[in-house]
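First comes the structure, then the notes that go with it.
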Amino acid sequence: DTLISQIAAGEVVERPSAVVKELLENAVDAGATQIDIRLENGGIRRIAISDNGCGIPPEQLQLALTRHATSKITSLDDLENVATLGFRGEALASIASVADLTLQSRTAEQPHAWQIRGNDPSRILTPSSGTQGTRVEVNELYANTPARRKFLKSEQTEYGHCAEIVRRIALAQPGIRFTLTHNGKITAQYNANNLPQRCNQILGETFSQSQLPVDLTVGEGKDKLSLNGFIGLPTASRTRGDMQYFYVNGRFVRDRLLTHAVRAAYEDVLHGNRFPVYILYLTLDPSRVDVNVHPAKIEVRFRDSRAIHHFIYQSISRILAQTME
Ligand code: ADP
Ligand code: MG
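Start counting the sequence shown at 21; every next residue gets the next number (full-length UniProt numbering).
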């Protein structure tokens with residue numbers, strides 16, 4: 021692969037957890053109900069993710085590894101209204117340029133699976149065994165770019181980042197069953213559940229006992245704004261600063277505007293709980309938010325950020341104020 025594409029790939033695939041994120045999003049987009057994640061050495065040696073989603077037809081397997089090939093949007097209009105998590109069509113190609121990637125898939129129509137290897141210049145499909153769905157195996161991340169590999173942290177640190185990505189996606193997809201394995205041992209297992217149970221599994225009992233439900237909607241049609249989820253009441257025990265999950269249209273985001281709105285409500289009503297625990301899902305018309313600002317897609321940009329800030333601040337303040345009465 022060319023140097024340019026390896027540099028570009030580095031921006032999308034900066035560490036094993038970025039690979040895990042892209043592969044999990046593809047599995048979610050494919051409608052999977054069960055996803056298995058197997059990591060070795062923090063994902064540096066191997067990341068293998070299999071799902072039971074719709075699969076990729078054999079005639080599209082080569083295309084799936086081609087940069088800017090996506091089956092998810094077909095026009096610029098679609099870009100305004102992306103409903104899927106992926107849409108750039110660069111993840112698999114980028115990963116394949118910095119690791120040894122094997123893609124195996126089987127649709128409902130195929131009698132067996134087919135597989136293709138990213139670094140095989142002829143890109144030949146070979147028949148293989150496998151049930152319906154897709155399995156992506158990524159071996160030896162950055163083996164060919166030692167400078168980049170040197171920047172990876174310890175195996176345990178990289179594993180921690182991967183596990184956090186799994187938690188983020190599992191919290192957005194309570195109906196999907198996830199199994200995470202590290203070096204042959206199961207480290208996390210989330211059974212298909214409803215949201216409160218999934219929150220309980222991931223955020224722990226303490227949060228679940230003190231949580232306040234959030235379920236508010238304003239406006240109608242294209243102006244409709246909904247905020248759902250749970251916010252934690254401050255407890256005697258200090259809460260961790262990283263138990264803050266915000267989703268916009270199902271996508272995990274870390275956004276200053278949103279964080280500020282929640283924090284300001286806590287500060288104004290409760291006077292200084294610095295690390296509120298929360299899991300919030302904002303839903304709005306896709307045309308009101310631009311998710312295309314960053315390749316890692318963790319930032320968003322709102323068309324009417326003041327209205328969004330106001331809605332969140334008001335919603336959280338009202339719920340907190342009610343419980344204080
Ligand atoms: P994007 O997700 O932005 O479309 P990707 O490079 O991540 O781009 O994937 C390229 C294409 O490969 C997708 O558009 C989809 O058609 C197909 N694909 C990738 N992973 C899966 C999967 N797990 N199940 C079904 N199809 C997949
Ligand atoms: Mg994708």
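Beta carbons: idealized from backbone N, C-alpha and C, even for Gly.
By the neighbour-count criterion, in which a residue is buried when 16 or more other Cβ atoms sit within 10 angstroms of its Cβ, Thr165 is buried. Closest in alpha carbon position to Gly63, among Pro77, Asp49, Leu121 and Gln80, is Leu121. In this structure, the alpha-carbon of Thr201 lies about 42 Å from that of Asp243. Across the structure, Tyr179 and Asn213 are spaced so that their CA atoms are roughly 25 Å apart.
For Leu232, the enclosing beta strand (DSSP E) starts and ends at Gln231 to Val238. DSSP, read as helix, strand or coil, puts Thr343 in helix. Remark: the C-beta of Ala111 is in contact range of the ligand MG, defined as less than 7 Å to any heavy atom.
Thr177 counts as exposed, since fewer than 16 other beta carbons sit within 10 angstroms of its beta carbon.
DSSP, reduced to helix, strand and coil, places Thr303 within a strand of the structure shown. Ile144 counts as exposed, since fewer than 16 other beta carbons sit within 10 angstroms of its beta carbon.
Of the candidates Ala111, Tyr265 and Tyr162, the residue whose Cα lies closest to the Cα of Leu123 is Ala111.
When Leu232, Gly153, Gly270 and Gly241 are compared, the shortest CA-CA separation from Leu253 is found for Leu232.
One thing to note: Val156 has its Cβ no nearer than 8 Å to the Cβ of Leu59. Remark: the shortest separation between the CB of Glu45 and any heavy atom of the ligand MG falls under 7 Å. For the segment 189 to 226, the full-length beta strand (DSSP E) segments reaching 3 residues or more read 197 to 202 and 205 to 210 along the chain. DSSP places Arg58 in the uninterrupted beta strand (DSSP E) bounded by Gln54 to Glu60.
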